[in-house]
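Here's the structure we're looking at; comments come further down.
There are 2 protein chains.
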Amino acid sequence: MEISNLYKHHPRHYVSVDCIIFGFNGEDLKLLCIKRSFPPEMGKWSLMGGFLGENESIDEAAYRVLEELTGIKHVFLEQLQGYGSVNRDPAARVISLAYYALINPGEYKDAISPHFSAKWFTLGQVPELVFDHNEMVDKALRRLQRRCKTQPVGFELLADRFTLPQLQKLYESIFRMTYDKRNFRKKILSLGILQKLDEKEKETSKKGAYLYRFEKTKYDDLMKRGIHFEI
Amino acid sequence: MEISNLYKHHPRHYVSVDCIIFGFNGEDLKLLCIKRSFPPEMGKWSLMGGFLGENESIDEAAYRVLEELTGIKHVFLEQLQGYGSVNRDPAARVISLAYYALINPGEYKDAISPHFSAKWFTLGQVPELVFDHNEMVDKALRRLQRRCKTQPVGFELLADRFTLPQLQKLYESIFRMTYDKRNFRKKILSLGILQKLDEKEKETSKKGAYLYRFEKTKYDDLMKRGIHFEI
DNA sequence: CCAAAAGTGTTCAGCTTACACCCATGA
DNA sequence: TCATGGGTGTAAGCTGAACACTTTTGG
Numbered sequence: 012m013e014i015s016n017l018y019k020h021h022p023r024h025y026v027s028v029d030c031i032i033f034g035f036n037g038e039d040l041k042l043l044c045i046k047r048s049f050p051p052e053m054g055k056w057s058l059m060g061g062f063l064g065e066n067e068s069i070d071e072a073a074y075r076v077l078e079e080l081t082g083i084k085h086v087f088l089e090q091l092q093g094y095g096s097v098n099r100d101p102a103a104r105v106i107s108l109a110y111y112a113l114i115n116p117g118e119y120k121d122a123i124s125p126h127f128s129a130k131w132f133t134l135g136q137v138p139e140l141v142f143d144h145n146e147m148v149d150k151a152l153r154r155l156q157r158r159c160k161t162q163p164v165g166f167e168l169l170a171d172r173f174t175l176p177q178l179q180k181l182y183e184s185i186f187r188m189t190y191d192k193r194n195f196r197k198k199i200l201s202l203g204i205l206q207k208l209d210e211k212e213k214e215t216s217k218k219g220a221y222l223y224r225f226e227k228t229k230y231d232d233l234m235k236r237g238i239h240f241e242i
Numbered sequence: 012m013e014i015s016n017l018y019k020h021h022p023r024h025y026v027s028v029d030c031i032i033f034g035f036n037g038e039d040l041k042l043l044c045i046k047r048s049f050p051p052e053m054g055k056w057s058l059m060g061g062f063l064g065e066n067e068s069i070d071e072a073a074y075r076v077l078e079e080l081t082g083i084k085h086v087f088l089e090q091l092q093g094y095g096s097v098n099r100d101p102a103a104r105v106i107s108l109a110y111y112a113l114i115n116p117g118e119y120k121d122a123i124s125p126h127f128s129a130k131w132f133t134l135g136q137v138p139e140l141v142f143d144h145n146e147m148v149d150k151a152l153r154r155l156q157r158r159c160k161t162q163p164v165g166f167e168l169l170a171d172r173f174t175l176p177q178l179q180k181l182y183e184s185i186f187r188m189t190y191d192k193r194n195f196r197k198k199i200l201s202l203g204i205l206q207k208l209d210e211k212e213k214e215t216s217k218k219g220a221y222l223y224r225f226e227k228t229k230y231d232d233l234m235k236r237g238i239h240f241e242i
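So the protein lines, in turn, are chains A and B. 12 is the number of the first residue of the first sequence in the working numbering; add one for each residue after it. 12 is the number of the first residue of the second sequence in the working numbering; add one for each residue after it.
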């Protein structure tokens, strides 16, 4: 048998990717949703998604979908898992691969395509979404929490330079807790992966807070030596 | 447009499931592989897999594939993630959803279908597998380690009744470490989810070791009260 | 000068880790 | 009786959590 015909008796399926896009505005963790202007479920809130093409990997498809909405490449993007209930999409059988992305909304706010009627929702105030998208969001949040505990992905949600109070608010909104600022600073600085700058950010206070930068090289060193950090 | 025709301009893909089947023989953590008796890559070692049917969910497909090989239902099975590089399968574009399963090989050793030339490999001695299957196994092992740290899934790899030395060996083989037995017993018993039986297992020692049973109700109570345990 | 946010150390409790000897029994 | 694996307690160090006051400066 021709190699290309080996599987021809098996069914084929539509495959899509759906993106859970997280952002942080300095106060709350946010989710970017779109208002569907196309059937099925037209007019309802939804995650941004798209169908998998013939010649792109699923990761490439996720990046493409993300770029169609936000105009940006090179963001943190990680696959969650596949969703494949038979009737999850009323229009047809579709296997969807959920990805979650972390972006800094401030940096890209003008890039988000108006074509999709996108809107940021505070986590906890996310509306009912189509299909199984709410389930995906819940799972993505738990994954984000876990990632933030063992890897420095939180920084993806902040600008290049950030203050410790900003970082603390980010962690507090991700984990829906409050932390003692002395303990938080002690812990985060003890990791030795932040570089203190000589500059202060003075927009949110009169005194001003020192800016820091995440030092990827120091983090990579730690990882090479097998040290996993916890926050 | 007819709802069933909404997606007709999008490509469709073969979708498969692949199962990483872990077992524990009392000494080592094992992986169940099959020798492919069919193309492509005939004769090579592979994970057990199968194509997704028209009217089954991906979870159902994974259970079906697992049952075809092992003859068993109702085992621990969890999805890892999807794999979708364009050329991961030389025969055709196939999107695969990887699942990992935990079984107690002793209980099912006669049920494993001889049709697939299956063999248990000790982790660390797994041969080169077809496609991206080695990558899936690595990922599954890391997921298993994480699961075992926060949920009592290790018990899935043991018989209903087990001794503490057996349990310790299991954890040691999963995490490739050794533990101090006093500390291990203290920690595991302090969780309060094990029921000590009056019976001893005397096959591996003259003195005999007490048998224990995992008490799911106690564990569920803990979970309800929001206590996540760590081992 | 005062309101508002940034920055700073110490103490205590609980947990983790290290560590050594006796017990029961089949051969 | 002895070899083999099962079972037990304690002390030290470390980590995480609780806690209050001073500093800076724009308005």
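Just so it is clear, CB atoms sit at the ideal spot from N, CA and C, and this is done for glycine as well. Bear in mind that the values here come from a model prediction, so they are computed numbers and not experimental data.
Excluding five sequence neighbours on each side, which residues of the same chain lie with their C-beta closer than 6 Å to the C-beta of residue i?
i, result
"B/A112", "C30, I32, L77, V86 and L88"
"B/F166", "F225"
"B/F127", "I45 and L80"
"B/P138", "W56"
Strictly below 8 Å CB to CB, what residues from chain A border residue i?
i, result
"B/Y18", "Y25, F62, A102, A103 and V105"
"B/E65", "P22 and R104"
"B/Q90", "Q92 and G93"
Taking Cβ to Cβ, would you say residue i is nearer than 8 Å to residue j?
i, j, result
"B/Y147", "B/L58", "Residue 147 of chain B is actually Met in this sequence, not Tyr. Yes, Cβ-Cβ distance for B/M147 and B/L58 is below 8 Å."
"B/K41", "B/P116", "yes"
"B/Q136", "A/G93", "no"
"A/V28", "A/G64", "no"
"A/V26", "B/N66", "no"
"B/G37", "B/L168", "no"
"B/E118", "B/A170", "yes"
"B/S5", "A/G95", "Outside the displayed span of chain B (12 to 242) sits residue 5 of chain B, for which this structure offers no information."
"B/A102", "A/I14", "yes"
"B/P176", "A/L17", "no"
"A/I185", "A/L205", "no"
In chain order, what residues of the same chain lie with their CB nearer than 7 Å to the CB of residue i, ignoring the 5 residues before and after it?
i, result
"B/K207", "Y221 and Y223"
"B/F142", "R99 and D100"
"B/R158", "V164"
"A/L181", "F35, G165, L168 and L169"
"A/K211", "G219, A220, Y221 and L222"
"A/K192", "Q179"
"B/R104", "H24, Y25 and V97"
"B/Y230", "P163 and I204"
"A/F195", "Q179"
Return the residue from the list the options that minimises the CA-CA distance to residue i.
i, options, result
"A/R23", "B/R75, B/K84, B/L43 and B/I106", "B/I106"
"A/P163", "A/R153, A/S15 and A/L178", "A/L178"
"B/T161", "B/T215, B/N115 and B/M234", "B/M234"
"B/W8", "B/H144, B/F240 and B/Q156", "Residue numbering for chain B in the displayed model covers 12 to 242; residue 8 of chain B lies beyond these limits and cannot be assessed."
"A/E241", "A/E210, A/E214, A/K211 and A/K197", "A/K197"
"A/K227", "A/G203, A/V26 and A/F35", "A/G203"
"B/S48", "B/S68, B/H239 and B/A129", "B/A129"
"B/D39", "B/K120, B/Y74 and B/F132", "B/F132"
"A/H20", "B/F62, B/P50, B/S216 and B/M53", "B/F62"
"A/D149", "A/S201, A/I69, A/Y110 and A/P176", "A/Y110"
"B/E214", "B/H239, B/F173 and B/D232", "B/F173"
"B/G54", "B/L43, B/L134, B/D70 and B/L140", "B/L140"
"A/E183", "A/S216, A/L134 and A/R75", "A/L134"
"B/I238", "B/S201, B/S216 and B/D209", "B/S201"
"B/L7", "B/D70, B/K120, B/R75 and B/E71", "With chain B represented from 12 up to 242, any question about residue 7 of chain B goes unanswered, as that position is not in the structure."
Who are the Cβ neighbours of residue i in its own chain at under 8 Å, not counting the five residues just before and after it?
i, result
"B/A122", "T81, G82 and I83"
"B/A151", "I31, F33, L91, A109 and Y111"
"A/E52", "P101, V141 and F142"
"A/Y190", "Q179, Y182 and E183"
"A/R236", "none"
Going along chain B in order, which residues have a C-beta closer than 7 Å to the C-beta of residue i?
i, result
"A/H21", "Y25 and F62"
"A/L58", "In chain order: nothing, as chain B lies at least about 16 Å away."
Kindly list, in the order they appear in chain A, the residues whose Cβ is closer than 7 Å to that of residue i.
i, result
"B/P116", "Those within 7 Å of B/P116 in chain A number zero; the least Cβ separation is about 27 Å."
List the residues of chain A whose Cβ lies closer than 9 Å to the Cβ of residue i, in chain order.
i, result
"B/P51", "I14 and L17"
"B/L77", "Simply none; closest approach about 16 Å."
Please list, in chain order, the chain B residues whose beta carbon lies closer than 9 Å to that of residue i.
i, result
"A/S96", "S68, I69 and D70"
"A/L155", "Here the premise fails: no neighbours, minimum Cβ distance about 15 Å."
Since residue i meets chain B, which of its residues come closer than 8 Å, beta carbon to beta carbon?
i, result
"A/L43", "Those do not exist, as A/L43 stays about 22 Å from chain B at its closest Cβ, beyond 8 Å."
Selection of the stretch 165-198 of chain A by Cβ proximity to chain B, strictly under 7 Å: none
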